[in-house]
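J.:
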Amino acid sequence: MNIERLFIIDRCLHDENRQWSLQDLIDQCGEAMQNSKRSVQADLETLRKRFGAKIMVVDKKFYTYRDKNYNLAEHILCADDKQHIAELLTDIRQYTRFNEMHVFENDILRLHDKIAAAFGLPRPSRHLPGSVLETQDIRLWICEDMVDKIIKRPIHPTQKIEQYEIDGSANIVIHTVMTAKLEKWINEQEAKHHVKLHNVN
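If you read the sequence shown in our numbering, its first letter stands for residue 392, the second for the next number, and so on.
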């Protein structure tokens with residue numbers, strides 16, 4: 392199964408401006424990986440049997456959806472997947488508040504709109520709260536049990552260790568913006584006494 396091909400076929404079957412033969416679908420999937428007559432036929436069966444698509448054949452040749460309201464994304468994604476995508480889209484938009492990224496806000500918003508529509512997610516608000524942000528130095532204390540994990544999987548690419556303490560804990564600094572996702576993570580770790588926020592400047 393090739394997800395890219397499934398969405399290409401799905402887009403074609405929703406298009407009522409033309410009729411779609413098997414060869415037409417194969418041609419449209421030409422840039423997808425491992426494309427062949429057999430693979431496209433298998434994808435049509437996958438849409439029917441695994442994802443509940445009611446596909447009919449007109450004049451024994453042309454494929455189309457019986458139900459034009461069918462939404463492939465609704466069948467592929469679970470609730471957790473949708474939540475992760477929604478959080479990712481919000482995080483990406485947060486970066487448009489940097490001075491150097493502000494010019495891309497409209498483009499990212501349009502992309503956010505399209506993805507939200509495709510996956511049945513809430514549409515984004517037209518404006519993020521607050522003004523354009525500069526990056527900041529965020530200093531954190533990390534408990535001894537978390538130090539190795541944070542070194543192997545940095546919180547942010549700019550992460551630097553400022554000082555190790557005698558008890559094995561460490562003080563680190565990251566140079567970024569305090570996004571909602573980062574703030575949530577810090578609060579969760581503070582509640583477990585794994586992390587402590589020193590300051591943001």
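For glycine and all other residues, C-beta sits at the position ideal for the given N, C-alpha and C.
Taking three-plus beta-carbon pairs below 8 Å as touching, is the segment 472-487 in contact with the segment 428-437?
T.: Result no; under three Cβ-Cβ pairs closer than 8 Å.
J.: Kindly list the residues whose CB is nearer than 7 Å to the CB of G443, restricted to its own chain and excluding five residues on each side of it in sequence; keep chain order.
T.: The answer, listed in chain order, is H466.
J.: Where L416 and L404 are concerned, what is the direct C-alpha to C-alpha distance, given to the nearest angstrom?
T.: Whole-angstrom Cα-Cα distance: 9 Å.
J.: Considering Cα atoms alone, identify which of L531, E407, R429 is closest to E574.
T.: For the residues L531, E407, R429, the minimum Cα distance to E574 belongs to L531.
J.: Helix, strand or coil, according to DSSP, for E553 in the structure here?
T.: It is a strand residue.
J.: Name the residue from L588, L480, A561, Q485 whose alpha carbon lies nearest to the alpha carbon of K540.
T.: Nearest of L588, L480, A561, Q485 to K540, Cα basis: A561.
J.: Would you list the one or two residues that DSSP bridges to F442?
T.: Answer is none; F442 lacks a bridge partner.
J.: Can you tell which of I446, N393, R439, E535 has its C-alpha closest to the C-alpha of G559?
T.: Here the closest residue by C-alpha is E535.
J.: Give me the Cβ distance between L480 and I506, rounded to the nearest whole Å; I'm assuming they're in contact under 8 Å.
T.: Indeed, because the Cβ distance is near 6 Å, the residues count as touching under 8 Å.
J.: Sorted by chain position, which residues of the same chain lie with C-beta nearer than 8 Å to V449's C-beta, five sequence neighbours on each side aside?
T.: Counting only Cβ-Cβ distances below 8 Å, and skipping sequence neighbours, we find Q410, T455.
J.: Out of curiosity, what's the CA-to-CA distance linking K459 and R402?
T.: Distance between the alpha carbons of K459 and R402: 11 Å.
J.: Alpha carbon to alpha carbon, how far is K452 from Q414?
T.: Taking the straight line joining both Cα atoms gives about 10 Å.
J.: Below 8 Å CB to CB, which residues in the same chain sit around I483 once its five sequence neighbours on both sides are set aside?
T.: Contacts found: I499, H503.
J.: Let me confirm a value: V586 is counted as buried when at least 16 other C-beta atoms fall within 10 Å, else exposed. Which label applies?
T.: The residue is buried, with at least 16 neighbouring Cβ atoms inside 10 Å.
J.: When we look at the beta-carbon of R501 and count the other beta-carbons within 10 Å, is it buried (16 or more) or exposed?
T.: Answer is exposed; the Cβ neighbour count stays below 16.
J.: Is it buried or exposed, Q554, if we count other Cβ atoms within 10 angstroms and call 16 or more buried?
T.: Q554 is exposed by the Cβ-count criterion.
J.: In three-state DSSP terms, what is K587?
T.: Strand, per DSSP.
J.: Would you mind stating whether H589 and T526 have Cβ atoms separated by less than 8 Å?
T.: No, these two residues do not count as a Cβ contact at 8 Å.
J.: Just tell me which of K543, I529, I552 has its CA closest to the CA of M569.
T.: When only C-alpha atoms are compared, the closest one is I529.
J.: According to DSSP, simplified to helix, strand and coil, what is Q527?
T.: Residue state, collapsed to three classes: strand.
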